[in-house]
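J.: Numbering of the sequence shown is given in this note's numbering, commencing with residue 1071 and proceeding in unit increments.
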Amino acid sequence: MKTREDVKIINQGLEDEMEVSGYRPCLWKLVLVGVGAVCSGGLLLLLLYWLPEWGVKGTCTHTSLSDAHTLLLRTKDEFRQWFRVRVHRMLAPGRKPFEDLDVKPRGQLPNGDFGHQVCSVPDEQLPQEQQVWIQYFTHHSFRYYWNDAIQNFEFYQGLEDMKVSCAHIHSEHSHGLTKALQDYRRLFFGENEIAVKVPSLFKLLIKEVLNPFYVFQLFSVVLWSIEDYYYYATAIVFMSVISIATSLYTIRKQYVMLHDMVASHSVVRVSVCRGDKDTEQAMSTELVPGDVIAIPANGMVMPCDAVLFQGTCVVNESMLTGESVPVTKTSLPSSGDEAARRYSMEEHKRHTLFCGTHVIQTRFYTGELVKAVVIRTGFSTEKGQLVRSILYPKPTDFRLYRDAYLFLLCLVGVAGIGFIYTIVLSIMNKVSAKTIIIESLDIITITVPPALPAAMTAGIVYAQRRLKRVGIFCISPQRINMCGQLNLVCFDKTGTLTEDGLDLWGIHRAEHGSFVAPEPGPVEERLVKSTFMACMATCHSLTKIEGELSGDPLDLKMFAATCWVLEEPTEEETALHNPLMPTVVRPPRRAVTGDSQSQSQVQNTSCEMGIVRQFPFSSVLQRMSVVVRRLGDKHMEAFLKGAPEVVAGLCKPNSVPQSFTETLESYTRQGFRVIALAHRQLESKLSWHKVQTLSRDLIETDMEFLGLIVMQNKIKQETAGVLTELRRANIRTLMVTGDNILTAISVARDCGMIRPHENVIVADAAPPRDSCPPCITWRYVENLAQTARDDQGAQILVEDEMYHFALNGRAFAVITEHFPQLIQKLALRATVFARMAPDQKTQLVEILQGIDYIVGMCGDGANDCGALKRAHSGISLSELEASVASPFTSSTSNISCVPNLIREGRAALITSFCVFKFMALYSIIQYISVILLYWILSNLGDFQFLFIDLVIILIIAFTMSLNPAWKDLVRQRPPSSLISGPLLCSVLTQILTCLAFQVLTFYLVQQQSWYETWTPQSDVCNVSRASSFSDRHNGTTSHDHKNIRNYENTSLFYVSSFQYLAVAIVFAKGKPFRQPSYKNWPFMLSCVSLYSFLLFIMLYPISAIDNFLEIVCVPHDWRVTLVIIIAVNAIVSFMLEILIVDIILWRLVFRGSQGANGPRESSSGDTPQVANDSWGALFLSRLFCQRNKPPKVLYRHLALELQEDADWPPKPSTVTYAAEAQPHISATL
């Protein structure tokens, strides 16, 4: 018996965390499986192939991981997938990649690093007796090695595994590796290549053919061939071949495209450093973590993840982020507090060059190279992990697909009943054993529609094409259906809700600790030599690429306002700035003459400044800074810009105006984006070389506050209309931004996310300090759009649920850590999340998903990658046609793409339901016909099956998916599950209707006065006996033993054929999620043509068609009766669907289950019809026991709880302490 101790965890705490257990082959189990495979004709082997867990446990016995030959892996996510892997062995000089080869590991150094000497590795190969055997296995392109110390397998990611500090990278890893050590590490890390192998067609074919669906089809074809249904079997084989060929072409094309995308820049020549001076050319595939590479001046495409420790690079990271603005990467800090921190790729991404990104140009010191240490290689890199996510996608966790399998199981259960019925009936009629077996198995093949997968996929393919036409590109088509269920969308602010560019509204300088009057801009002559102007001109990350200024839009706008000139000088021109090659900024040279010209040149020269060191903007720190040197000055200066609250905290208190908070609030309340500037003069003894090694913490302190830059961020023209449309559709909207909280609230009001009459409660949380526990202060933000109201009026609004929460990143971090029981309550009503770091955005999406919201995320792709990928549906606003940053990419630069995506998602979802219901009814209708015909030992004919499946079902199934999306978003959302009341009622009522009319037809035809057991000589149509005998005898001699031709068969064939068309029209619903079916002309044309054809051959029989379909001639009166039965059947089907499902169940009973995401709208304007509907809903809800049913989703359950909580929302100016958060006791300030 396997115990929990035998099951180990690998990748603990990561997204791909898995359980692993060991097994070794067992001889007697292998023999038993072999015997079972022979006895079952290979079916047992197929079963073990489909179920890896059974395959391993059925052939192996459990053992410890260290002795295992085979491993069984199981993911710990919600999908709980099983994988089987083999354990391999290799010879290596050591057990770990970062060990020295000549000495034992020295243990951990005080800073957590492992001892490592580059020069101690011998160049000669170690003798085999000194080498050790290492066990490993490969799973999803990652290699896991056995570790004796922890008695488990572990994955080596790269240099980060050594837990190195930034300073340690400079001191110990900046010289490169010897060739021997590089070869040794390559044993563990493999070739530095993201190898996407394109499988052979044969391998893909075998994998596709072994799909359970095609195995079932093969079984069906064999069975039909035994029954002499050769034509039908041939048609199904032909369809299957086309389906398999299409699938193989699509899969192989995707592999080839991915291979070409990855291989285009994966193998390049690089300069590898050996020691301080020696460099050699090598292929990028040879690189391992710890290698040092030189970045050429003209740039390159990075073949690995590497950290920059010398020089500066300008990088285009659009491949990873979808953001085309170049990013400046600076060298890793080598001293100070930051250098002592452990290196983390996420924390130090401003110093890290990622695989696949394009280094456009480099900045370097005279005589020195721009160098970087390789951190990760191959699939461990950021690009490699993105490729892995495409190669090995997680299953789509959508209820539709899970319910579809349950529904198919129900059909199999129905088939089981038919199976037993057929056996019993055949035995009673003394049918031969061979016929009993064939006909009972035939019932099972009827219940699983052969075209179901293709028909289900068609709607998604059509939706993908429609999305592409409106500029939305999709790399994950399965998520289109998910978009139809979205009930909450998070929006980034800058570049998404508002314009990407900012306009300079004005500046507000500070002098001697107080603000001067606001100014429209730094245009006055007296400001040219001011420190404020110098800060605006130098504190940015702009660069010139092909003569054009490039960089962050905010930096571009700010620099353009100064009218200064940026130059990147040649090497000869840098003599005045020591050996450093800086970016130089200076005032423009004005067109003047004579003495004025010489005076202007002197002034320009004295104002000219070189940017010596740059600390790029960090979204975590919310600031950036530069160190500059003014031409002719002996000392250097530091300039700082960033979020006003952050900058003020780094300045001397006496330099910050006393009215700072009030001034800042006055701007942010009006929706302006405010940036603060600060300045500091550095010590004169600092040299340029010393500055390169200083940490930013030492420079960004004791600053002098300079003032504020006020930027106007205009809301995009489409934003307000889209948000109004989403609110009307009962889709909640949130803002997640890195901007100031008051600015975000103002923008939220301006764009309609928060309406004028609604209150905003700011949750301002503080972490624990000294003896004070963490606490939350609740502040009610004044609404400038309304006059001041008293507390009583405000409380009335709150009681009506007209309130929103707003919080910043700092408060979010404190609340998630110290108030976990409040975070879900806040998430239920919070609308503005400001100053949020990228990882906090991802965390917020997870919290919202945790309370059962179906979350969409819309952003520009730069700082939102994690949230875009984590959301159920992420859409990136990018010019790129397809971005790996999110499942959807919109080429339009505004949020109008969001309603389009939701509309198409809803249409695709409803289409999937319609097609599935239609295919299920098709199976049941055919099943009913066959069951009834079995009663008289008959069946449907070969060409009847062929006509129904190919002419009716395929055409209808593929054309009914063509309905475009409805033009409006409605409040009602489509159901997410097939196992829901309205859908089940819809299917069951149609099944009962079809059953009733087929049984009625079967009974009535036998009651007719002319009815007799049909023979080729039968003459109920008053035709000449000779002609009848001649025509019918020639067509039926080979089929007489099957008893296909009879009056019951003919009558049921006609009625069932019209039933397929009737349910197709009934299920092909249009409004409110799709365009009406009459606008889908291929579907309407197909229905009209098939109706006309069937009516024609029924009322005006044609001998050739009758012979082909194996139907017999019946009296004209009975044909008219059949038309009446068919018409009544269609009317009843239509009325049941409209009256019972659409009106009674969907509109009245289950309407409440749709819920509301936002404040309930006033009902004062309800019409009498709405009031009647409400009374009807109340009555029917009680009748169907729906009234007191608890909500299924957690956010509605929370909303009901909070309605009963008298202390929620918190009162104005109260404080909640961590110890009191559970009972929610607050103290009034």
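Idealized CB from N, CA, C, for every residue including glycine. All of these numbers come straight from a predicted model, not from anything done at the bench.
Compute the Euclidean distance between the alpha carbons of Val1101 and Leu1143, then round it to the nearest angstrom.
T.: Mapped onto the sequence shown, residue 1101 falls at position 31. Mapped onto the sequence shown, residue 1143 falls at position 73. So the two alpha carbons sit approximately 24 angstroms from each other.
J.: Using alpha carbons as the reference points, say which of Val1531, Ser1736, Asp1922 and Met1706 lies closest to Leu1756.
T.: Within the sequence shown, the letter at position 686 stands for residue 1756. The candidate whose alpha carbon is nearest that of Leu1756 is Met1706.
J.: If you run the structure through DSSP and keep just helix, strand and coil, what is Tyr1873?
T.: Numbered from 1 along the sequence shown, position 803 holds the residue referred to as residue 1873. Strand, per DSSP.
J.: Would DSSP call Pro1686 helix, strand or coil?
T.: Residue 1686 sits at position 616 when you count from the first residue of the sequence shown. DSSP places Pro1686 in strand when its eight states are reduced to three.
J.: Are the CB atoms of Met1628 and Ile1779 within a distance shorter than 8 angstroms?
T.: If you number the sequence shown from 1, residue 1779 lands on position 709. If you number the sequence shown from 1, residue 1628 lands on position 558. In contact: Ile1779 and Met1628 (Cβ atoms closer than 8 angstroms).
J.: Return the residue from the list Ser1404, Ala1364, Leu1461 and Pro2034 that minimises the CA-CA distance to Val1444.
T.: Within the sequence shown, residue 1444 is the residue found at index 374, counting from 1. The shortest Cα separation from Val1444 among Ser1404, Ala1364, Leu1461 and Pro2034 belongs to Ala1364.
J.: Using C-beta distances below 6 angstroms, list every residue in its chain close to Phe2137, excluding the 5 sequence neighbours before and after it, in chain order.
T.: For the purposes of this step, residue 2137 is identified with residue 1067 of the sequence shown, where counting begins at 1. Correct list, in chain order: Cys1984, Lys1987 and Phe1988.
J.: Can you give me the start and stop residues for the beta strand (DSSP E) that Pro1095 sits inside?
T.: As a first step, residue 1095 must be located in the sequence shown, where it is residue number 25. Residues Met1088 to Pro1095.
J.: I'd like the span of the alpha helix (DSSP H) that includes Ile2194, first residue to last.
T.: In the sequence shown, counting from the first residue as 1, residue 2194 sits at position 1124. It spans His2186 to Met2205 - the alpha helix (DSSP H) in which Ile2194 sits, taken as one unbroken run.
J.: In the DSSP assignment, what are the bridge partners of Arg1339?
T.: Looking up residue 1339 in the sequence shown gives position 269. Answer is Met1353, bridged to Arg1339.
J.: At 4 residues or longer, and completely inside the segment 1108 to 1134: list those alpha helix (DSSP H) runs for me, N to C.
T.: 1113 to 1120 and 1122 to 1129
J.: Along the chain, which unbroken stretches of the alpha helix (DSSP H) at least 4 residues long are found entirely within the segment 1981 to 2027?
T.: The qualifying runs are 2012 to 2016.
J.: Is the beta carbon of Asn1964 closer than 8 angstroms to that of Glu1735?
T.: Counting from one through the sequence shown, the residue named residue 1735 turns up at place 665. Counting from one through the sequence shown, the residue named residue 1964 turns up at place 894. No, Cβ-Cβ distance for Glu1735 and Asn1964 is not below 8 angstroms.
J.: Do Thr1447 and Phe1259 have their C-beta atoms closer together than 8 angstroms?
T.: Along the sequence shown, one-based indexing puts residue 1447 at 377. Along the sequence shown, one-based indexing puts residue 1259 at 189. Their beta carbons are under 8 angstroms apart, which means Thr1447 touches Phe1259 by this criterion.
J.: Figure out for me which residue from Asp1767, Gln1548, Leu1918 and Ala1525 has the closest Cα to the Cα of Arg1976.
T.: As a working note, residue 1976 is residue 906 in the sequence shown. Among Asp1767, Gln1548, Leu1918 and Ala1525, the Cα nearest to that of Arg1976 belongs to Gln1548.
J.: Kindly indicate which residue of Thr1133, Gly1104 and Ile1924 has the alpha-carbon position closest to the one of Asn1800.
T.: Here residue 1800 refers to the residue found at position 730 when the sequence shown is read from its first residue. Closest by alpha carbon: Ile1924.
J.: How far does the beta strand (DSSP E) with His1578 in it reach, from first residue to last?
T.: The residue labelled residue 1578 in the question sits at position 508 within the sequence shown. Note, His1578: beta strand (DSSP E), Asp1573 to Glu1581.
J.: Could you give the C-beta distance for Val1884 and Ala1836, rounded to a whole number, given that I count them as a contact under 8 angstroms?
T.: Taking the sequence shown and counting its residues from 1, one reaches residue 1884 at position 814. Taking the sequence shown and counting its residues from 1, one reaches residue 1836 at position 766. In this structure Val1884 touches Ala1836 by the C-beta definition: roughly 7 angstroms separates them, less than 8 angstroms.
J.: Taking its Cβ as the centre, do 16 or more other Cβ atoms sit within 10 Å of Asp2187, making it buried, or is it exposed?
T.: Translated into positions along the sequence shown, residue 2187 becomes position 1117. Burial call: exposed.
J.: Tell me Met1927's beta-bridge partners as DSSP assigns them.
T.: The residue you call residue 1927 lines up with position 857 of the sequence shown. According to DSSP, Met1927 bridges with Cys1560 and Gly1944.
J.: What does Ile1079 pair with, by DSSP beta-bridge criteria?
T.: By 1-based counting over the sequence shown, the position of residue 1079 is 9. Its beta-bridge partners are Glu1089.
J.: What is the rounded straight-line gap between the Cα of Arg1940 and the Cα of Thr1959?
T.: In the sequence shown, the residue the question calls residue 1940 occupies position 870. In the sequence shown, the residue the question calls residue 1959 occupies position 889. One C-alpha to the other measures close to 15 angstroms.
J.: With a threshold of 16 other CB atoms inside 10 Å of the CB of Ala1219, please say whether the residue is buried or exposed.
T.: Translated into positions along the sequence shown, residue 1219 becomes position 149. When all chains shown are included, Ala1219 counts as exposed.
J.: Would you be able to state if there are at least three C-beta pairs under 8 angstroms between the segment 1873 to 1889 and the segment 1831 to 1848?
T.: Segments in contact, yes.
J.: Using 10 angstroms around the beta-carbon of Thr1316, count the other beta-carbons present and answer buried if the total reaches 16, otherwise exposed.
T.: Counting from one through the sequence shown, the residue named residue 1316 turns up at place 246. Burial call: exposed.
J.: Return the CA-CA distance between Leu2248 and Thr1527, expressed in angstroms with no decimal places.
T.: Position 1178 of the sequence shown, counted from the start, is the residue given in the question as residue 2248. Position 457 of the sequence shown, counted from the start, is the residue given in the question as residue 1527. Residue confidence is low: Leu2248 scores 48 on pLDDT, short of 50, so the model does not pin down where it sits. Its coordinate-derived value is still stated next. Their backbone Cα atoms lie some 39 angstroms apart in a straight line.
J.: For Cys1842, which three-state DSSP category applies?
T.: Counting from 1 along the sequence shown, the entry for residue 1842 is found at position 772. The answer is strand: DSSP assigns Cys1842 an E or B state.
J.: Any idea if His2103 is buried or exposed, counting beta-carbon neighbours within 10 angstroms, 16 or more meaning buried?
T.: Mapped onto the sequence shown, residue 2103 falls at position 1033. Only weak support exists for where His2103 lies, its pLDDT of 38 falling under 50; the value from the coordinates is given anyway. So His2103 ends up on the exposed side.
J.: Taking 8 angstroms as the CB-CB limit, is Val2158 close to chain D?
T.: Among the chains in the structure shown there is no chain D, since it carries only a single protein chain.
J.: Helix, strand or coil, according to DSSP, for Asn1262 in the structure here?
T.: Taking the first residue of the sequence shown as position 1, residue 1262 is located at position 192. Coil at Asn1262, not helix or strand.
J.: Straight-line CA distance for Glu1278 to Met1327?
T.: Working through the sequence shown from its first residue, we reach residue 1278 at position 208. Working through the sequence shown from its first residue, we reach residue 1327 at position 257. If you take the alpha carbons of Glu1278 and Met1327, they lie about 20 angstroms apart.
J.: Between the alpha carbons of Thr1422 and Ser1956, how many angstroms are there, rounded?
T.: By 1-based counting over the sequence shown, the position of residue 1422 is 352. By 1-based counting over the sequence shown, the position of residue 1956 is 886. Spanning the two alpha carbons is a distance of roughly 22 angstroms.
J.: Helix, strand or coil: which one does DSSP assign to Ser1545?
T.: Numbered from 1 along the sequence shown, position 475 holds the residue referred to as residue 1545. One point to set straight first is that residue 1545 is Ile, not Ser, in the sequence displayed. Residue state, collapsed to three classes: coil.
J.: From the DSSP output, in three-state form, read off Gly1426 for me.
T.: The residue you call residue 1426 lines up with position 356 of the sequence shown. Coil at Gly1426, not helix or strand.
J.: Which residue from Gln1728, Asp1253 and Ala2035 puts its Cα closest to that of Asp1361?
T.: For the purposes of this step, residue 1361 is identified with residue 291 of the sequence shown, where counting begins at 1. Of the listed residues, the one whose Cα sits closest to Asp1361 is Asp1253.
J.: Taking only three categories from DSSP, how would you classify Leu1439?
T.: Residue mapping note: residue 1439 aligns to position 369 of the sequence shown, counting from 1. Here Leu1439 sits in coil by DSSP.
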